[in-house]
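To start, the structure under review is shown below, and the notes come after it.
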Amino acid sequence: MITSARNAQARLRRLAGRIGLVPDSVRRTQVACVQAVALSYGSELWWKGEAIRGTIGKANDLQKLVNQQARAVTSCFRSTNQGELILESGLRCPTSILNNRARRFALRLASLPQGNGAGEIVGGRSELGKRLATWLGPDEANDREHTVVCEEEALQAEIVVDERKNAKEEAETARDGVTLWTDGSRTEDGACGYAVVWRKKGEVWKGHQVHLGYNQEAYDAECAAIVRALRVGRDRWNQQQNPKIPIFTDAEAAIKQMQTMEVGPG
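Structure follows, in structure tokens:
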């Protein structure tokens, strides 16, 4: 693993010398290509900690590798002070990176829902379980909060997917109770939002318009609109005790996703 990282570091150093990259670009390339091989892959399993038997030699080799990266970023001589070299290059100490990755891995396992087999590893009898418990500390390893997955209440609704012509006729049919319509969209500049409108026979139109920002897709807006319509319909049902409240939407993919509890988009 370290050998592969050294070979990659040497190739990048020659490539950077030919192209003439700026120091910041060299640092980004070194972190992405070299440290991903030497420090990231599987380190949560083999890293035991600093000054621990079995990893002392690896820690020294990794520090030498980072020193070579720092010289490649700054173009400094081998005799340059290592502390100043790391500071100027913007690279982190390898033991600090490995310790942080190990703590995050242990915390992620400890945060899994209660009953999950992977979460039970932390604090277990195995060598890995004891090691992960040390990363969390005695307080968090022995007395930590558990996440419990609660059973979701089934949606008491009838879902109908109809042809375009039939659906349009149903939407235009006058009804005595409240009827809701939803729609979500995304503009060319990335702005995303949805609207939910409803109307009762003889009343004026009412509705909600929500802007979702610029980091969502049209499918997300359609799903959010349906959820908002269900909440509005629930409130109106509680107030008026209507037997059925129809909700019309043209998002067929979102409708199909609502019929299953499987993990999916939206």
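Take 39 as the starting number for the sequence shown in this note's numbering and just add one per residue. Beta carbons: idealized from backbone N, C-alpha and C, even for Gly. All values reported here derive from a predicted model rather than from experimental measurement.
Could you compute how far the alpha carbon of L170 sits from the alpha carbon of N154? Taking the straight line from one Cα to the other gives about 16 Å.
Between which two residues does the alpha helix (DSSP H) carrying A233 extend? A233: not part of any alpha helix (DSSP H); member of the beta strand (DSSP E) spanning C230 to K238, first to last residue.
Backbone CA spacing between P61 and G121 [nearest angstrom]: Roughly 18 Å between the two C-alpha positions.
Q247 by DSSP, collapsed to three states: which one? It is a strand residue.
Pairwise C-alpha distance: Q68 and D258: When the Cα atoms are used, D258 and Q68 turn out to be separated by approximately 37 Å.
Out of curiosity, what's the CA-to-CA distance linking D221 and L268? Going by the C-alpha atoms only, they are around 13 Å apart.
7 Å CB neighbourhood of C71 in its chain, flanking five on each side removed: Cβ contact annotation for C71 (same chain, cutoff 7 Å, sequence separation greater than five): A46 and L50, in chain order.
According to the neighbour-count rule (16 or more other Cβ atoms, all chains shown, within 10 Å of its Cβ), is Q247 buried or exposed? Exposed: under 16 other Cβ atoms inside 10 Å.
Assign L307 to buried or exposed, taking buried as 16 or more other Cβ atoms, counted over all protein chains shown, within 10 Å of its Cβ. Lying before the first or after the last residue shown, residue 307 is absent from the chain, which here runs from 39 to 304.
Using only the alpha-carbon positions, how far apart do G167 and N204 sit? Rounded to whole angstroms, the separation of the alpha carbons of N204 and G167 is 60 Å.
Determine the DSSP secondary structure at D221, reduced to helix, strand or coil. D221 falls in the strand class under three-state DSSP.
Which residues does DSSP list as the beta-bridge partners of I285? The partner list for I285 (beta bridge, DSSP) reads L218.
Extent of the continuous alpha helix (DSSP H) run through G167: For G167, the uninterrupted alpha helix (DSSP H) run begins and ends at E165 to L174, by DSSP.
Return helix, strand or coil for L125, following the three-state DSSP convention. In the structure shown, L125 sits in a helix (DSSP, three-state: H, G or I).
How should W243 be labelled, buried or exposed, when 16 other C-beta atoms within 10 angstroms of its C-beta is the threshold for buried? That one is exposed.
What number of angstroms, rounded off, separates the C-alpha of V216 from the C-alpha of G271? Those two C-alpha atoms are separated by around 8 Å.
Option in L103, A89, W84 and I90 with minimal Cα separation from Q73: Per the Cα distances, L103.
Look up D227 in the DSSP assignment and say whether it is helix, strand or coil. In the structure shown, the three-state DSSP call for D227 is coil.
Starting from the Cα of R42, find the closest Cα among N137, Y79 and L53 and give me that residue. Note that residue 42 is Ser in the sequence shown, not Arg. For the options N137, Y79 and L53, the alpha carbon positioned closest to that of S42 is the one of Y79.
Closest residue to K86 among A108, I135 and R130 (Cα-Cα distance): Nearest option by C-alpha distance: I135.
What is the rounded straight-line gap between the Cα of C131 and the Cα of V234? If you take the alpha carbons of C131 and V234, they lie about 53 Å apart.
Environment of R231 [buried if 16+ CB atoms lie within 10 Å]: The sequence given here has Gly at residue 231, not Arg. Counting the other CB atoms within 10 Å of its CB gives G231 a total of 16 or more, which places it among the buried residues.
W257 - DSSP class collapsed to helix/strand/coil: Note on residue identity: the sequence assigns Tyr, not Trp, to residue 257. Secondary structure at Y257: helix, using DSSP grouped into helix, strand and coil.
From D288 to E207, what distance separates their C-alpha atoms? Looking at the backbone, the Cα of D288 and that of E207 are separated by about 13 Å.
Cβ-based neighbour list, G228, same chain, cut-off 7 Å, excluding 5 preceding and 5 following: Close CB contacts of G228 within its chain, under the 7 Å cut and outside five residues either way in sequence, are with Y252 (chain order).
Using DSSP with H/G/I as helix, E/B as strand and the rest coil, what is A209? Reduced to three states, the DSSP call for A209 is helix.
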